[in-house]
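Q: One structure is given below, represented as structure tokens, and several questions about it will come after.
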Amino acid sequence: MKDTFDLLVETDFPRIKRTQLETLQVNLGYLCNQQCLHCHVDASPRRKEIMSAETIADVLNFLQRQNIKTLDLTGGAPEMNPGFFSLVEQATAMGVHVIDRCNLTVLLEKGYEKTAAFLAQNKVEVVASMPCYLQENVDAQRGKGVFDHSIEGLKLLNENGYGVDPQLQLNLVYNPQGINLPPSQNVLEPAYKKELKQRFDISFNNLYTITNMPIKRFGSTLLSKGLFEEYMQLLKSSYQKDNLSGLMCRTTLSVDWLGYTYDCDFNQMLGLPAGLAVGAEKTHINDLLQSELKGGDIAIMDHCYGCTAGQGSSCGGALI
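In terms of the numbering used here, the sequence shown opens at residue 6 and continues consecutively.
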């Protein structure tokens, strides 16, 4: 796989600093039952990296010591980590709001059939990958048969109250295909709701549009097709200064499967430590238990333009 790292190091992206830490985003491992073309994590069924029970305990300790109110779980498929269920239960018992970034199809895998009910019981917010409401587009991006299984997963979540009970939030994620920015989130969401309701009687709360980052698997694809420079020019020419104040890295700390910290999930995949320069030593979550992160610098490279292009992009969708 071709690496875009060296092409992103030199940047004129503006310096940004942290505000109050609100969310801990934790990658529980790269193991996944899918292998999607746009995946910036390069997750797949072949990956062996999984967060240990000891590091999960460190995460819980950090949540309590830093009084963080939101735990955002990602992967891979986070549910495939054996400690996922215990982590959710313990965090919920602490009064922490838990988000599960679910690919939907894992809910149908053998051994995970009760996951949807578990999530509902613990009032976990589900943010689910659904790059289109058309089968051909989803299967082209995520693999043959994924669309049908995703629809089954959404129906299972609806049966357990998601998208129906106000306390059970079900939000979908749209990723564009090719070298395009996402369309207007406000325009696309009603279309999603109409099509999924009419075609499959599926309900959900919000649609999040997220820009594809020129790193890992998607970045490698851009290089292979000779489209990397064109895509970077699109991101830079679409830069919106107003998006800087809403960047997720200002209020979020990202943690990898070994417990090391980064300013965002994308920086984690690039191995760019939190607040530090390229090549600097990584900081473990245990070394930040007493730290005040507010006001600290955020590590930047050229891929940061992806979050400020157009309507902006974050793990919570468009910024404007």
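Backbone N, C-alpha and C define an ideal beta-carbon position, used for all residues, glycine too. No experiment lies behind these values; they were computed from the predicted model shown.
Going by Cα to Cα distance, which pick from 74, 83, 91 is closest to residue 134?
A: Taking the sequence shown and counting its residues from 1, the one referred to as residue 134 is at position 129. If we check each option's Cα against that of residue 134, 83 comes out closest.
Q: So for residue 104, helix, strand or coil by DSSP?
A: Here residue 104 refers to the residue found at position 99 when the sequence shown is read from its first residue. Correct three-state label for residue 104: strand.
Q: What is the rounded straight-line gap between the Cα of residue 104 and the Cα of residue 195?
A: Along the sequence shown, one-based indexing puts residue 104 at 99. Along the sequence shown, one-based indexing puts residue 195 at 190. Between residue 104 and residue 195, the C-alpha separation is close to 23 Å.
Q: Once DSSP output is grouped into helix, strand and coil, what is the label at residue 265?
A: As a working mapping, residue 265 is identified with position 260 in the sequence shown. It is a strand residue.
Q: Buried or exposed, going by whether 16 or more other CB atoms sit within 10 Å of the CB of residue 168?
A: Sequence index remark: in the sequence shown, residue 168 carries index 163 (1-based). Classification for residue 168: buried.
Q: Per the DSSP calculation, residue 22 is bridged to which residue(s)?
A: Along the sequence shown, read from residue 1 onward, the residue named residue 22 stands at position 17. In the DSSP output, where bridge partners are listed per residue, residue 22 has 302.
Q: Under three-state DSSP, which class holds residue 213?
A: Looking up residue 213 in the sequence shown gives position 208. Residue state, collapsed to three classes: strand.
Q: What does a CB cutoff of less than 8 Å around residue 68 pick up in its chain, not counting 5 residues either side in sequence?
A: Your numbering for residue 68 matches position 63 in the sequence shown. Once the five neighbours on either side are set aside, the close Cβ partners of residue 68 are 29, 76, 96, 99, 101.
Q: Which of the three DSSP states is assigned to residue 273 in this structure?
A: As a first step, residue 273 is located in the sequence shown; it is residue number 268 there, counting from the start. Here residue 273 sits in helix by DSSP.
Q: Please name the residue in 199, 25, 106, 72 whose C-alpha comes closest to that of residue 35.
A: As a position in the sequence shown, residue 35 is number 30, starting the count at 1. Residue 35 has its Cα closest to that of 106, out of 199, 25, 106, 72.
Q: What would DSSP say about residue 325, mapped onto helix, strand or coil?
A: Along the sequence shown, read from residue 1 onward, the residue named residue 325 stands at position 320. Residue 325: coil per DSSP, three-state reduction.
Q: Report the CB separation of residue 63 from residue 276 in whole angstroms; it is logged as a contact under 8 Å.
A: Counting from one through the sequence shown, the residue named residue 63 turns up at place 58. Counting from one through the sequence shown, the residue named residue 276 turns up at place 271. Not confirmed; about 20 Å, so no contact.
Q: For residue 61, does the count of other Cβ atoms within 10 angstroms reach 16, so buried, or fall short, so exposed?
A: Translated into the one-based positions of the sequence shown, residue 61 becomes position 56. By the neighbour-count rule (16 or more Cβ atoms within 10 Å), residue 61 is buried.
Q: Report the rounded CA-to-CA distance for residue 178 versus residue 112, giving the unit in angstroms.
A: Reading the sequence shown from its first residue, position 173 is the one you call residue 178. Reading the sequence shown from its first residue, position 107 is the one you call residue 112. Each residue's Cα considered, the two are about 17 Å apart.
Q: Thinking residue 9 and residue 224 are a contact (beta carbons under 8 Å), I'd like their distance in whole angstroms, please.
A: As a working mapping, residue 9 is identified with position 4 in the sequence shown. As a working mapping, residue 224 is identified with position 219 in the sequence shown. Right, the Cβ-Cβ distance comes to about 4 Å (below 8 Å), so this counts as a contact.
Q: Who does residue 289 pair with in a DSSP beta bridge?
A: Taking the first residue of the sequence shown as 1, we reach residue 289 at position 284. BP columns for residue 289 point to 265.
Q: With DSSP collapsed to three states, give me the class of residue 34.
A: In the sequence shown, the residue the question calls residue 34 occupies position 29. Of the three classes helix, strand and coil, the one that applies to residue 34 here is strand, per DSSP.
Q: Thinking residue 312 and residue 252 are a contact (beta carbons under 8 Å), I'd like their distance in whole angstroms, please.
A: Counting from 1 along the sequence shown, the entry for residue 312 is found at position 307. Counting from 1 along the sequence shown, the entry for residue 252 is found at position 247. Confirmed, Cβ separation roughly 6 Å.
Q: Between the alpha carbons of residue 232 and residue 207, how many angstroms are there, rounded?
A: Along the sequence shown, read from residue 1 onward, the residue named residue 232 stands at position 227. Along the sequence shown, read from residue 1 onward, the residue named residue 207 stands at position 202. Roughly 36 Å between the two C-alpha positions.
Q: Please name the residue in 266, 304, 65 whose C-alpha comes closest to that of residue 288.
A: On the sequence shown, residue 288 is found 283 positions in, with the first residue counted as 1. Comparing Cα-Cα distances from residue 288 to each of 266, 304, 65, the minimum goes to 266.
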